[in-house]
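Asks: Can you keep this structure in mind? I'll have questions shortly.
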Amino acid sequence: MTAVTETEAGLDAQDEARKLAEAYLMAIAREGSEEPLESLLGGATLMAHIYTIENWKIVGREKSRQEKGRLESLHENVAAIDKAGRVALAAMVAGNREPDGMQPQELTASEAARLLEPIRDRARSFAQSHPVFAYLARVDRQVYWHPQNPFRPLLEKAGRRGSYLVELDLFWVETVEGAHEEKRPRKWPLRVVRFRTNELDTGLKILPASDWNAE
224 MTAVTETEAG LDAQDEARKL AEAYLMAIAR EGSEEPLESL LGGATLMAHI YTIENWKIVG
284 REKSRQEKGR LESLHENVAA IDKAGRVALA AMVAGNREPD GMQPQELTAS EAARLLEPIR
344 DRARSFAQSH PVFAYLARVD RQVYWHPQNP FRPLLEKAGR RGSYLVELDL FWVETVEGAH
404 EEKRPRKWPL RVVRFRTNEL DTGLKILPAS DWNAE
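This is the structure we're talking about:
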C-alpha cells in the first residue's frame, strides 16, 4: 500500500531543502564554490559545469510531498512500462516496412498513437498509484527513456524488496534570460529529492532536470 502525505512549507523557511536549492543555484550562477553541483542525483554532469544562470531568485514553493510504499511495487510498475515500450518499438519496426521487408514506410499518426497507448496506460497507472516516485522518474514524459535519467541506477541500488520513502520539495525559480533589450523572465522548477530504503539513503539531492529537460 502506498501512502502520500503533504506538508506546508513556507517560501522563506530556511530548512535543509531550501539551503540546498540556494547552494545549487549559486553554484550554477558561478557565485561561489561548484561543490554543490555534486548534489545532483547521479552526480555532476558536464552540462552542469558549463551551464550558467544569472539574476536568479526563488519565487515559489510547492507543498513538501512524502511517499511511503514497497520496492516490489516500484519494480513491477517500471518493468511493465519498459515491457510495453519494447513491444511498441518492435511493432513499430515491423510495421515500418513493406511486405517484402526491404523498403521502409511511414506509420500514420493514428497507427503510432495506437501502438503507444499501452505505454501511456501503464504510465498513467503508475502515476496514480505512486505519484511522487513516478514524478521523480518522469514516467509521463519522453525523458523517462533518456539514458541519463538517474532513477534507474537509483532503483537498482535500492534493492528489490522492502519499504521505501521518497521526499520531494519543488521550488519555482525565476531567472532573467536573453540579450540586452530582449531579456525576459522565465520560471522553471527546481526539485529537491531524497530516497530512502533499508539499503540506501541518497540524502538530499537535486533532480538534474535542468541538465537534460527543464520541465
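Counting from 224, one number per residue, gives the positions in the sequence shown under our numbering.
We treat Cβ as the ideally placed atom computed from N, Cα and C, and that holds for glycine.
Everything numeric in this text was worked out from a predicted model, so none of it was measured.
#1: Between which two residues does the beta strand (DSSP E) containing E290 stretch?
#2: Would you call the segment 411-421 and the segment 309-317 touching, i.e. three or more CB-CB distances under 8 angstroms?
#3: Our contact map puts P412 next to L427 with C-beta atoms below 8 angstroms; I'd like the distance itself, whole angstroms only.
#4: Inspect the beta-carbon positions of L423 and A381 and report whether they are closer than 8 angstroms.
#5: Compare the beta carbon distance of T230 and K286 with 8 angstroms and say whether it is the shorter of the two.
#6: How about the segment 232-252 and the segment 294-305: do they share at least three Cβ pairs that are nearer than 8 angstroms?
#7: Note down the Cα distance separating E303 from G255, rounded to an integer number of angstroms.
#8: What distance in whole Å lies between the Cβ atoms of K406 and W395, which are believed to be in contact at a cut-off of 8 angstroms?
#9: Could you give the DSSP three-state label for W279: helix, strand or coil?
#10: Can you tell me which of the three DSSP states R384 falls into?
#11: Beta-carbon separation of I251 and A267 under 8 angstroms?
#12: Could you pull out every residue in the same chain whose Cβ sits closer than 6 angstroms to the Cβ of N421, ignoring the five residues on either side in sequence?
#13: Could you give the residue range of the beta strand (DSSP E) that holds L413?
#14: Just how far apart, CA to CA, sit A307 and H353?
#15: Taking the alpha carbon of A240 as the point to measure from, which residue in E277, V366, A357 and P259 has its own alpha carbon closest?
#16: From R361 to Y367, what distance separates their C-alpha atoms?
Replies: The answer reads as follows:
#1: Looking at the DSSP string, the run of the beta strand (DSSP E) that includes E290 is S287 to R293.
#2: No, because fewer than three Cβ pairs between the segment 411-421 and the segment 309-317 fall closer than 8 angstroms, the two stretches do not touch.
#3: About 16 angstroms; that fails the 8 angstroms criterion.
#4: It is a contact, given that the beta carbons lie within the stated cut-off.
#5: For T230 and K286, yes; Cβs fall inside 8 angstroms.
#6: Flag = no, the segment 232-252 and the segment 294-305 do not touch.
#7: One detail in the question is off: residue 303 reads as Ala in this sequence, not Glu. Between A303 and G255, the alpha-carbon positions lie close to 44 angstroms from each other.
#8: About 19 angstroms separates the two Cβ atoms, so there is no contact after all.
#9: If DSSP states are grouped into helix, strand and coil, W279 belongs with coil.
#10: DSSP places R384 in coil when its eight states are reduced to three.
#11: Taking 8 angstroms as the Cβ cut-off, I251 and A267 do not qualify as a contacting pair.
#12: Result list for N421: G385, in chain order.
#13: Counting along the chain, the beta strand (DSSP E) containing L413 begins and ends at R407 to T420.
#14: Approximately 18 angstroms between the Cα atoms of the pair.
#15: The shortest Cα separation from A240 among E277, V366, A357 and P259 belongs to P259.
#16: Rounded to whole angstroms, R361 and Y367 show a C-alpha spacing of 5 angstroms.
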